[in-house]
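There are 2 protein chains.
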Amino acid sequence: MSQIMQPYLLFLGDAPDRLAAKTAIGVHDWRPDACVGQFRLPGCVPDLGIDEPGIAGAAERGARTLLVGVANRGGVIPESWIALMSEALEAGMDIASGLHTHLSEIAVLRETAERLGRRLIDVRIPTESYPIASGARRSGHRLLAVGTDCSVGKMYATLAIEREMRSRGMNVDFRATGQTGIFIAGSGVPVDAVVADFIAGSIEHLCPAADDDHWDVIEGQGSLFHPSFSGVSLGLLHGAQPDYLVLCHEPTRTHMRGLPHQPLPGIQECMEANLAWARVVSENARFAGIAVNTFHVDPDSREGMLAALEDEFAMPCVDPMITGVGALVDQLLG
Amino acid sequence: MSQIMQPYLLFLGDAPDRLAAKTAIGVHDWRPDACVGQFRLPGCVPDLGIDEPGIAGAAERGARTLLVGVANRGGVIPESWIALMSEALEAGMDIASGLHTHLSEIAVLRETAERLGRRLIDVRIPTESYPIASGARRSGHRLLAVGTDCSVGKMYATLAIEREMRSRGMNVDFRATGQTGIFIAGSGVPVDAVVADFIAGSIEHLCPAADDDHWDVIEGQGSLFHPSFSGVSLGLLHGAQPDYLVLCHEPTRTHMRGLPHQPLPGIQECMEANLAWARVVSENARFAGIAVNTFHVDPDSREGMLAALEDEFAMPCVDPMITGVGALVDQLLG
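Written out as C-alpha cells, the structure reads:
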C-alpha cells in the first residue's frame with residue numbers, strides 16, 4: 035500500500051467510549067510524535083489529553099493526514115463527518131480510514147480529493163498485487179508474534195519489542211498486518227483482506243530479504259486455533275519465515291474470542307503447533323518467550339503468574355505493558 | 035456463485051496438448067452426460083472423441099453454456115475466440131470461463147451478453163458475500179480430501195468417492211472448491227480467490243448443516259505443508275469440519291510442487307497434522323484411507339506399493355483411477 039503520510043490529526047468523532055476510539059489511542063500511544071493533535075466532536079467521551087488545534091491549526095502544524103481513529107456505529111459515515119473531512123482535504127490533508135464504509139464510496143469526498151490531488155486511503159483495501167509465496171530462505175532476521183487467540187496483545191507486544199530493540203541501537207522495523215498497525219507504521223499489509231492465494235506472498239513482500247543485521251518484527255493476526263481466521267494465521271506464519279516467535283496470551287479468556295463453543299488451546303499445545311509450522315520454512319525457528327496480557331488479572335497475582343509460566347516453559351515470560359520486553363530482546367542477542 | 039447451467043458445449047480452442055485442455059477433459063471424464071459436444075479450432079491437438087456439432091448444432095441439442103475448457107497461452111483471448119463466443123451468446127448460451135483474462139473485460143462480449151440477457155461467468159471471481167466462519171458443530175456428514183502436496187489428485191479422488199457413494203444409493207453431494215470442480219458441479223466456491231478472512235466461512239457456506247444421512251464430499255486444495263497455499267488449506271479444513279479425511283498422495287514427487295527447495299512431508303506427519311487440525315472443529319475426525327495417484331509409478335510396482343502402505347498405516351489405500359474407491363467408502367459405512 036502507498037505510504038500514509040505523517041504527522042496525523044487524529045479524528046475521534048463522537049466516540050462514546052475508549053473502545054470505539056482504540057485506533058486513535060493506539061496510534062497516539064506508540065507514535066505520539068506523529069500526532070499534531072486530536073479532533074473531537076461534541077459528545078466525544080475519550081480524550082487523548084493532547085491539543086485540539088482544529089483543522090486549520092492542524093494544517094499549520096504540518097498535519098499531512100486526517101486519520102479516522104474511531105469505529106463508527108452502524109457503518110454509516112454521518113453528514114457531520116463528511117463536512118469535516120472535506121475541510122481537511124481543502125486544508126491540504128489526505129484522509130486515512132479503516133472503516134467498513136469506504137471513503138471513496140462518498141461522492142463528495144471522492145470529487146473533492148480528485149479536484150485537490152489528495153488521497154483517500156482505505157486501509158482495508160489492498161492496493162498492491164502481491165506475489166505467490168515461494169517459501170525460499172531469505173536473509174535478515176524476523177520475529178513474529180503468534181497467539182493463543184485473537185486480540186490478545188500481539189500488536190502491542192511487537193511494538194514494544196521494536197521500541198526496545200531500537201533503544202538498544204538495533205536495526206529494526208515494525209511490520210504491520212492490521213489496520214491500527216498500518217496507521218502506526220504508515221504502511222503495511224491488511225492481511226485479512228488479501229485474496230487467499232496471496233496471504234503468505236503478501237507477507238514475503240512485507241518483510242523481504244534484508245541485511246544480515248536487520249530485524250523485522252512482524253505483527254501477528256488471529257490464532258492457528260481460531261477456526262474463523264486460522265488460514266490467515268498459517269499463511270502469515272509461512273510468509274513471515276520467522277527466526278523467533280513470541281507467544282501472546284490473555285489468561286482470563288474462557289473460550290476463543292466470539293465463539294463460546296470453541297475451547298482455548300493450551301499454551302504448550304499452541305507453542306508446539308506454531309513451532310512445527312514455522313519450521314516448515316525456517317528450520318531453526320524457536321520461541322523468544324511469552325507475552326502475557328495481564329490487564330484483567332488481579333494485580334497481586336501478576337508477578338506470581340509470570341514467574342510460574344517462566345518456570346513451566348523455561349523461557350522469559352513478560353507483560354509488555356508492565357514488565358517491559360527486555361527479557362525477550364535479551365534472547366534475540368543470545 | 036450462481037449456478038452454471040448444463041449441458042455444456044466444451045470449447046477446446048487450439049489447445050496444443052492435453053494439459054492445456056485438462057479442464058475440458060476433467061468435465062467430460064466426470065460429467066459426460068452434461069456435454070453435448072466439443073468445439074475445436076484448427077490446430078487443436080486434444081480430442082475428446084465426442085461430437086462436434088458446431089454452435090448452432092449445440093444449441094439445437096440444448097447446450098446452455100459454452101464452457102471454456104482450455105488454458106490459453108499468454109492470458110490473452112484471441113480475436114478468433116471472441117467471434118465464436120459472440121456466436122454462442124447469440125445462439126442462446128451463457129459462457130463460463132476460468133481464464134485469467136475475465137470475459138467481462140471484453141467489451142463486445144459484455145455488450146452482447148447484456149443485450150441478450152446472457153451471463154458471462156468468470157469462476158475465478160467470487161460473486162457472493164461469505165460469512166465469517168463460526169466453527170460451530172453442524173449436522174450432516176462431511177468428507178474432505180487433503181494432500182501431501184498440490185495437484186496430487188484430490189479432485190479426482192473426491193469425484194470417485196461421490197460416484198461410488200451415489201452408486202450405493204447414499205445421499206451425497208460433491209462440493210467443488212476449484213475451477214474444474216466448479217464446472218463439474220455447476221457451482222462451488224473458488225476458495226483460493228476468496229478474501230482471507232472468509233476462507234473458512236466460504237466453506238461453511240458451501241457445505242452447510244444437512245440431514246443426518248447426507249454426505250458432502252469436499253474437494254480439497256493445496257497442502258498444509260505447501261508454504262504458498264497453506265493458509266487456504268487450513269481455512270478449508272476448519273470450514274469443512276470433516277468427519278472423515280482422505281489423504282491424497284503422489285509418490286514420485288521429489289519436492290513440493292513449484293518449490294525445488296521445499297521438502298515433502300512424510301505421509302505419517304501429514305496425516306497427524308491434518309487430523310490434529312481437523313479435531314479443533316470436529317473432535318472425532320478420522321482418516322478413511324489414502325488415495326495414491328500412481329500414474330507415474332511403474333505398473334508392476336503399483337499393487338505392492340498400495341499393499342505396503344495399507345500395512346504401514348492400517349487403513350485402505352487405493353488408486354481411485356485403478357482400484358476404485360470402494361474400500362474407502364466401506365470405511366464410511368462402518
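Chains A and B are the protein sequences, given in the same order.
No gaps in the numbering here: position 53 of the first sequence is 87 in the working numbering, and each next residue is one more.
No gaps in the numbering here: position 216 of the second sequence is 250 in the working numbering, and each next residue is one more.
The beta carbon of each residue, even a glycine, is placed where N, CA and C say it ideally should be.
Item, Value
"Between which two residues does the beta strand (DSSP E) carrying B/N308 extend?", "Here B/N308 belongs to no beta strand (DSSP E); instead the alpha helix (DSSP H) covers 301-312."
"Please name the residues in the region 248-271 of chain B whose beta-carbon is closer than 7 Å to at least one beta-carbon of chain A, in chain order.", "F259, P261, S262, F263, S264, G265, V266, L268, G269"
"Skipping 5 residues on each side, what residues in its chain have a beta carbon closer than 6 Å to that of A/I111?", "T135"
"Going by beta carbon distance, what residues of the same chain come within less than 6 Å of A/T146, once the five residues before and after it are set aside?", "S120, L123"
"When the Cα atoms are used, what is the spatial distance from B/E238 to A/E148?", "41 Å"
"Starting from B/Q213 and walking both ways along the beta strand (DSSP E), at which residues does that stretch end?", "Note, B/Q213: premise wrong, no beta strand (DSSP E); alpha helix (DSSP H) at 213-219."
"Taking a contact to mean a Cβ-Cβ separation below 9 Å, would you say B/A207 touches B/V142 in this structure?", "Reading off the sequence, residue 207 of chain B comes out as Asp, not Ala. It is not a contact, given that the beta carbons lie outside the stated cut-off."
"Pull up the DSSP beta-bridge partners for A/D183, would you.", "None; A/D183 has no bridge partner."
"Figure out for me which residue from A/E284, A/E303, A/L177, A/M204 has the closest Cα to the Cα of A/R336.", "A/E284"
"Just to confirm my understanding: we take A/M305, look at its own chain, exclude 5 residues before and 5 after, and list those with CB closer than 7 Å. What are they?", "L281, F321"
"Spell out whether any CB of chain B is found under 9 Å from the CB atom of A/L240.", "no"
"The alpha helix (DSSP H) spanning B/T146 covers which residue range?", "141-150"
"On the CB-based measure, 16 or more other CB atoms within 10 Å of its CB, does A/V79 come out buried or exposed?", "exposed"
"Within its chain, find whatever has a CB closer than 6 Å to the CB of B/A58; leave out the 5 residues flanking it on each side and keep chain order.", "L44, L46, G103"
"With which residues is B/Q72 paired in a DSSP beta bridge?", "B/L44"
"Give the interface partners of B/H31 over in chain A, defined as CB-CB distance under 9 Å, in chain order.", "Past the boundaries of the shown model lies residue 31 of chain B; chain B is included only from 35 to 368, so the question cannot be answered."
"Closer than 8 Å between beta carbons: that is the criterion. Which residues of the region 213-234 of chain B meet it against chain E?", "Considering every chain present, this structure includes no chain E. Its protein chains are A and B."
"Flag A/G273 as yes if its beta-carbon sits less than 9 Å from any beta-carbon of chain B, otherwise no.", "yes"
"In or out: A/G215 buried (at least 16 other Cβ within 10 Å) or exposed?", "buried"
"Residues in the same chain with beta-carbon distance under 8 Å from B/M199, minus the five sequence neighbours each way, listed in chain order, please.", "V206, W249, V251, V363, L366"
"Could you check whether the region 179-197 of chain B touches the region 331-349 of chain B, counting it as contact only if at least three pairs of C-beta atoms, one from each stretch, sit closer than 8 Å?", "no"
"Kindly list, in the order they appear in chain B, the residues whose Cβ is closer than 7 Å to that of A/V314.", "F259, P261"
"Can you find the residues in the same chain that come closer than 6 Å, C-beta to C-beta, to A/A369, ignoring five residues on each side of it along the sequence?", "No answer is possible for residue 369 of chain A: the residues shown for chain A start at 35 and end at 368."
"When you compare each of B/D51, B/D85, B/A55 to B/P67 by their alpha carbons, which one comes out closest?", "Note on residue identity: the sequence assigns Asp, not Pro, to residue 67 of chain B. Taking only the C-alpha atoms, the option nearest B/D67 is B/D85."
"Let me know the secondary structure DSSP gives B/I159 once reduced to three states.", "coil"
"Between the region 263-283 of chain A and the region 289-309 of chain B, can you find at least three pairs of beta-carbon atoms closer than 8 Å?", "no"
"Run the CB neighbour count on B/V345, radius 10 Å, all protein chains shown included, and call it buried at 16 or more, exposed below.", "Note that residue 345 of chain B is Asp in the sequence shown here, rather than Val. Exposed, since its Cβ has fewer than 16 Cβ neighbours within 10 Å."
"With 9 Å as the threshold, decide whether the Cβ of B/W115 is near any Cβ in chain A.", "no"
"Is B/D277 near B/S236, with beta carbons less than 9 Å apart?", "no"
"Around the Cβ of A/L279, are there at least 16 other Cβ atoms within 10 angstroms (buried) or fewer (exposed)?", "buried"
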